[in-house]
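Colleague: First, the structure itself, so that you have it in front of you.
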Amino acid sequence: MSSASYNPKDYWIEQGKVYKNNFRYNNKFELQERLLIEYLASNIFTPTNSGDEPAEFSVLEVGCGFGRITKLLLTNFGKSITKYVAVDMSPDQIRNAKQFLEGLYLEEKAVTTVDDSKSKYDNRLEFIVSDIQSLPSTGATNQKYALVLACEVLLHVLPSDIHQVMHQLIEMSNRHVINVDWYEEELPKKIAPHNFIHHYEEIYTSNPSVKRVHRIPIVKKGILSKLDTKQSIFHASKQAD
Ligand SMILES: C[S@@+](CC[C@H](N)C(=O)[O-])C[C@H]1O[C@@H](n2cnc3c(N)ncnc32)[C@H](O)[C@@H]1O
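Its first residue numbered -6, the sequence shown is counted upward by one per residue in my numbering.
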């Protein structure tokens, strides 16, 4: 496949069928998850914030896959999250995510259903099969989320679509947008056709409603060793501080 023949929808619908089975957790994912949780704990779900925060804290996660990051957030910050909407364009990924999250959520809120026809899932957690581009993002009735999150998703969006997709994510948030993606200053010689390096900071900054943008490289430096995932956490905030 060349990048000219990469069709994101076809590619991810096919990948969704095998993604969970083929997924191999390794020390880079471990570092990515640890730094993401540390960042969220000290910048979004801080004890100071939770005192002053409005009771409502909703999360929209796009490209949730089989729910790896969904579970991570709900395990660590579930008590502060009042609504969590997880979206993916692959029906297979959403089916796997429902399975992956089921035990956690049933345990957490001890949801009991007298009527079996009702959803077994805690209604704070909702799954939607959709691509980002088809989500409603404008109009007075559409909900905005305190945090819009995309982990390893935007690097797969075509360069021709990335501006529109990121502006849509900003529009759907009333406070924070966070994406975790591959980022290097220098383009490597070989790039897989479904991966792109986008200039996330520039694109966030070009939106007038974004007040601050941070990039946190996902790297661990030891005295004798270095683990560099070549990814960064990008955080766009719609608040001034
Ligand atoms: C590399 S996986 C990452 C999954 C998950 N976020 C994680 O980090 O484990 C990328 C996911 O994004 C989804 N995806 C890619 N482009 C999308 C789009 N435009 N809208 C919705 N989902 C998308 C794919 O179906 C796939 O499940």
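Built from N, CA and C at the ideal position, the CB exists for glycine as well. Given the structure is predicted, the values throughout are model-derived calculations rather than measurements.
(1) Drop a sphere of 10 angstroms on the beta-carbon of Glu54, count the other beta-carbons inside from all chains shown, and report buried for 16 or more, exposed for fewer.
(2) When you compare the stretch 190 to 205 with the stretch 213 to 220, are there three or more beta-carbon pairs, one atom per stretch, that lie closer than 8 Å?
(3) Going by other Cβ atoms of all chains shown within 10 Å of its Cβ, with 16 needed for buried, is Asn116 buried or exposed?
(4) Just to confirm before moving on: does the CB-CB distance between Val150 and Val158 stay below 8 Å?
(5) How many angstroms separate the CA atom of Leu180 from the CA atom of Arg17?
(6) To the nearest angstrom, how far is the alpha carbon of Met165 from that of Phe50?
(7) How far does the alpha helix (DSSP H) with Thr222 in it reach, from first residue to last?
(8) Let me know the secondary structure DSSP gives Ala103 once reduced to three states.
(9) What does the alpha-carbon distance come out to for the pair Ala0 and His187?
(10) With DSSP run on the structure shown, which of helix, strand or coil describes Pro129?
(11) Closest to Ala79 by C-alpha separation, out of Leu140, Ser(-4), Ser(-2), would be which residue?
Modeller: So, from the listed chains and residues:
(1) Residue environment for Glu54: buried (at least 16 other C-beta atoms within 10 angstroms of its C-beta).
(2) With contact defined as three or more Cβ pairs closer than 8 Å, the stretch 190 to 205 and the stretch 213 to 220 are not in contact.
(3) It is exposed - the Cβ of Asn116 has fewer than 16 other Cβ atoms within 10 Å.
(4) Judged by their CB atoms, Val150 and Val158 are nearer to each other than the 8 Å cut-off.
(5) If I take the Cα positions, the gap works out to 26 Å.
(6) Their Cα atoms are separated by approximately 14 Å.
(7) Thr222: not part of any alpha helix (DSSP H); member of the beta strand (DSSP E) spanning 219 to 230, first to last residue.
(8) Unreliable placement is indicated for Ala103, whose pLDDT of 47 sits below 50; the coordinate value is still reported in the next sentence. Under the three-state reduction of DSSP, Ala103 is assigned to coil, being neither helix nor strand.
(9) Note that residue 0 corresponds to Asn in the displayed sequence, not to Ala. Between Asn0 and His187, the C-alpha separation is close to 8 Å.
(10) Three-state DSSP puts Pro129 in coil, outside helix and strand.
(11) Checked all of Leu140, Ser(-4), Ser(-2); the closest Cα to Ala79 is Leu140.
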